[in-house]
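Worksheet: the structure to be examined is printed underneath.
This is the structure we're talking about:
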């Protein structure tokens with residue numbers, strides 16, 4: 001089986017270095033609302049009318065809110081990391097789901113807390129192994145693993161929702177030995193103090209995030225206008241773009257020197273493109289398959305340009321570092337589906 005690819009174009013959108021490159025996009029959002037939104041009290045029309053009323057942040061205001069968000073998030077992660085250490089130690093007396101009471105987003109937060117406690121234990125184990133490692137190779141491998149685990153822990157703690165942290169509490173331990181332990185009592189008191197500290201910083205985090213998101217909602221609409229008349233409705237495009245904006249605000253680092261709208265443009269387009277790829281096919285294919293398919297297309301294009309002749313699946317597999325069987329399956333999956341009612345007369349040998 002051979003697959004030949006010509007005129008393949010694989011493009012990527014990078015954040016612009018210029019602070020003003022996407023400023024004009026804000027103005028476009030004030031133009032005529034797409035026809036599909038209809039007249040009267042259409043939700044989309046009302047939404048677009050409302051976001052026009054939200055003032056844009058100046059560079060100084062954006063920087064101030066970005067600093068508040070970064071500082072608050074850093075404090076939140078630091079406090080939660082300490083809470084995870086304490087909860088990990090207290091788990092010997094009581095399971096986590098019987099130790100902590102968390103409201104509203106209980107299931108999600110329990111999952112994240114359990115994941116964080118597990119990662120913390122893995123980090124401690126990794127540190128012990130690193131201390132006893134004999135060879136340079138083992139030390140390098142363990143050090144690399146340690147960095148990865150710490151990054152995963154930070155990401156996990158960042159995702160914990162502390163919106164209702166004021167309602168969190170730690171239940172008393174049943175064990176008599178635990179109740180008499182001064183160390184346990186100290187840990188429980190410290191956890192209570194951590195919840196109170198989180199409750200104090202949460203409002204500033206929420207306000208800063210909300211300000212940064214709302215001031216860029218018109219940017220999302222402006223970018224979505226360039227993707228109209230696709231297989232995804234304008235409403236869905238805006239929704240996907242907003243998800244990209246939220247992700248951009250979470251990952252934005254003001255110390256890099258560029259504005260949020262410059263950075264967010266890439267995330268918004270990425271989110272929209274993924275939605276279009278996912279929803280545009282008759283047979284839905286997971287996003288990760290799209291990414292692998294683009295890797296295959298890029299490799300095929302490079303092989304054709306370099307060799308100027310047909311290439312085999314094995315060559316593509318070597319270039320993409322994927323198994324030959326996976327390459328074949330992905331190429332097959334991305335062939336356009338054929339209706340069962342399509343005439344097959346032309347395929348019959350005379």
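In this note's numbering, the protein residues as written are 1 to 350.
Cβ coordinates follow ideal geometry from the N, Cα and C atoms, glycine included.
With DSSP as the reference, identify every bridge partner of residue i, one or two as the case may be.
i           : result
residue 169 : 101
With respect to the alpha helix (DSSP H) encompassing residue i, which residues constitute its N-terminal and C-terminal limits?
i           : result
residue 232 : Residue 232 -> no alpha helix (DSSP H), and no H or E assigned at all.
residue 134 : That residue, residue 134, is in no alpha helix (DSSP H); it is neither H nor E in DSSP.
residue 76  : 59 to 90
residue 48  : 43 to 52
residue 223 : 217 to 224
residue 357 : Residue 357 cannot be examined here, being either before or after the span of the chain that is shown, 1 to 350.
residue 186 : 182 to 214
residue 331 : 324 to 333
Using the rule of at least 16 other Cβ atoms within 10 Å of the residue's Cβ for burial, across every protein chain shown, is residue i buried or exposed?
i           : result
residue 112 : buried
residue 346 : Residue placement at residue 346 cannot be trusted, given a pLDDT of 41 that sits under 50; the coordinates are not used to answer.
residue 193 : exposed
residue 292 : buried
residue 128 : exposed
residue 41  : exposed
residue 271 : buried
residue 262 : buried
residue 134 : exposed
residue 226 : exposed
residue 12  : Note that residue 12 has pLDDT 37, beneath the 50 cutoff, so the model's placement of it is unreliable and the number below is only indicative. When all chains shown are included, residue 12 counts as exposed.
residue 162 : buried
residue 148 : exposed
residue 121 : exposed
residue 229 : exposed
residue 257 : exposed
residue 297 : buried
residue 84  : buried
residue 218 : buried
residue 240 : buried
residue 69  : buried
residue 46  : exposed
residue 27  : Residue confidence is low: residue 27 scores 45 on pLDDT, short of 50, so the model does not pin down where it sits. No coordinate-derived value is stated.
residue 171 : exposed
residue 100 : buried
residue 299 : buried
residue 182 : exposed
residue 332 : exposed
residue 314 : exposed
Based on Cα-Cα distance, which residue from the options lies nearest to residue i?
i           : options               : result
residue 238 : 252, 250, 206 and 223 : 223
residue 358 : 129, 74 and 259       : The shown model of the chain, from 1 to 350, leaves out residue 358, and the question about it has no answer.
residue 63  : 241, 249 and 122      : 249
residue 124 : 275, 59, 205 and 142  : 142
residue 187 : 325, 326, 82 and 315  : 82
residue 276 : 232, 243, 257 and 254 : 232
residue 266 : 245, 256, 278 and 255 : 245
residue 50  : 214, 311 and 300      : 214
residue 216 : 46, 43 and 52         : 52
residue 57  : 212, 288 and 45       : 212
residue 153 : 118, 167 and 166      : 118
residue 295 : 319, 243, 312 and 274 : 319
residue 155 : 76, 323 and 46        : 76
residue 191 : 207, 200, 201 and 169 : 169
residue 78  : 220, 140, 197 and 55  : 197
residue 243 : 182, 274 and 87       : 274
residue 72  : 205, 290 and 44       : 205
residue 65  : 54, 247, 209 and 221  : 209
residue 252 : 43, 44, 54 and 67     : 67
residue 110 : 165, 235, 288 and 290 : 165
residue 116 : 59, 157, 203 and 289  : 157
residue 264 : 304, 236, 290 and 220 : 220
*Taking only runs of the alpha helix (DSSP H) that begin and end inside the stretch 252 to 303, which ones reach a length of at least 4 residues, in chain order?*
260 to 279
*Could you give the uninterrupted runs of the alpha helix (DSSP H) lying entirely in the stretch 115 to 158, keeping only those of 4 residues or more?*
136 to 158
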